[in-house]
C-alpha cells in the first residue's frame with residue numbers, strides 16, 4: 028500500500044470489505060503501534076540518490092518538504108521539529124532504503140511522552156534520540172517519487188546505535204487451537220457506499236471524542252441498519268479478544284494518566300502488506316482526541 032491513513036478494523040467493514048477480519052485471524056505480521064510524534068521519514072531519495080530526513084510532509088501532494096541538508100531542514104521546518112530533524116540528519120545511519128518511525132523523545136532518562144502515552148523504560152536511556160521505526164518503503168515499479176513508493180510493515184531489527192535508542196517491540200500470540208475465521212452471513216446487511224461510510228466514521232469519531240458509548244441503538248441510528256450495527260459490535264469483540272491474546276516483549280511500559288495500558292494499539296497486515304489498526308478506542312482514542320496536538324505534519 029502507498030502511504031495513507033490506516034483504518035480501524037471495525038470501520039473497515041462498513042462498505043462490505045471483510046478481508047480485515049480474515050487478517051485478524053491469520054495475520055502475516057503484528058506490530059506495536061507506538062504513540063510517538065512527529066513521524067520521522069529518512070533514507071535515500073529515489074529522485075536524486077541523496078540522503079534525506081523529514082516528517083510525513085515528504086509525502087505531501089504540493090508542499091513537499093524533503094530535507095537533504097541542514098540548510099534545507101531550516102528552510103522547511105522550525106522550532107523543535109527542526110531540532111529533532113537536525114539531530115536525525117546528523118546521526119541516522121545512511122541507507123539506500125526509506126524508513127519511517129515515530130519520535131518517542133530525547134534520551135537521558137527513563138520516562139518519555141510526546142502525546143497521550145507516557146513510556147517508562149526499565150533501564151536508563153543514554154542515547155540522544157529515541158525512535159520507534161515501523162515502516163519501510165519500496166520502489167516496486169522503479170518510480171522516482173517518494174509518494175509513489177509502496178509501504179510495508181518493518182520486520183528488520185536495527186543494530187544497536189550509540190546515539191539512537193531503537194524501540195522495536197516483539198509481538199507473540201497465545202496459541203489457541205482450532206480457531207477458525209467466523210463465517211458471516213451478509214445477506215441481511217445493508218453495507219454503505221464510500222461517501223456514506225466516510226460520514227459515518229466522522230460521526231463515530233465525534234461520539235468517541237465525547238466519550239459516548241457506541242451502543243447497538245446508537246450504531247443502528249448512525250448506519251440505518253441493525254444488522255450492520257451488530258456486525259460492527261461483533262468486530263469490536265473480535266478485536267478485544269485479539270488484543271487479549273497478545274504477548275509483548277522488548278517494549279517500555281505504557282501509561283495513560285497514570286494507568287498502565289497494553290500499548291497504544293497494534294497494526295496487523297496481510298500477505299500483500301495491507302495494514303489495519305487495532306486500537307482500544309474507549310481508552311486510547313478518547314484520550315488522543317482530547318489531547319492538544321503538539322506537532323504538525
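Residue numbers (my numbering): 28 to 324. Note that the Cβ used here is the ideal one computed from N, Cα and C, for glycine as well. Model, not experiment: these values are computed from the prediction.
Legend entry - Anticipated Cβ contact below 8 angstroms, residue 234 with residue 241, distance rounded: Yes, residue 234 and residue 241 are in contact; Cβ-Cβ is about 7 angstroms, under 8 angstroms.
Legend entry - Straight-line Cα distance separating residue 162 from residue 38: So the two alpha carbons sit approximately 22 angstroms from each other.
Legend entry - Rounded straight-line distance, which links the Cα of residue 257 to that of residue 246: 8 angstroms
Legend entry - Distance, residue 111 Cα to residue 172 Cα: 24 angstroms
Inset, instruction - Output the boundary residues of the alpha helix (DSSP H) element that contains residue 161. - result: Premise fails: residue 161 lies in the beta strand (DSSP E), 156 to 165, not in any alpha helix (DSSP H).
Legend entry - As assigned by DSSP and simplified to three states, the class of residue 304: Correct three-state label for residue 304: strand.
Inset, instruction - Grab the span of the alpha helix (DSSP H) containing residue 223 for me, first residue to last. - result: 221 to 237
Inset, instruction - State buried or exposed for residue 142, treating a residue as buried only when at least 16 other CB atoms are found within 10 Å of its CB. - result: With at least 16 other beta carbons inside 10 angstroms of its own, residue 142 counts as buried.
Legend entry - residue 158 and residue 128 closer than 9 angstroms at C-beta: Closer than 9 angstroms, so yes.
Inset, instruction - Report the three-state DSSP secondary structure of residue 218 (helix, strand or coil). - result: coil
Inset, instruction - Could you name the residues of the same chain whose beta carbon sits closer than 8 angstroms to that of residue 102, not counting the 5 residues immediately before and after it, in chain order? - result: 94
Inset, instruction - Go ahead and label residue 92 buried or exposed: buried means 16 or more other beta carbons lie within 10 angstroms of its beta carbon, across all protein chains shown. - result: buried
Inset, instruction - Give the secondary structure of residue 294 by DSSP, where H, G and I count as helix, E and B as strand, and everything else as coil. - result: Strand at residue 294.
Inset, instruction - Consult DSSP for residue 174 and reduce its assignment to one of helix, strand or coil. - result: helix
Legend entry - Inter-residue Cα distance where the pair is residue 122 and residue 96: 15 angstroms
Legend entry - Nearest to residue 48 (by Cα), restricted to the options 296, 83, 130: 296
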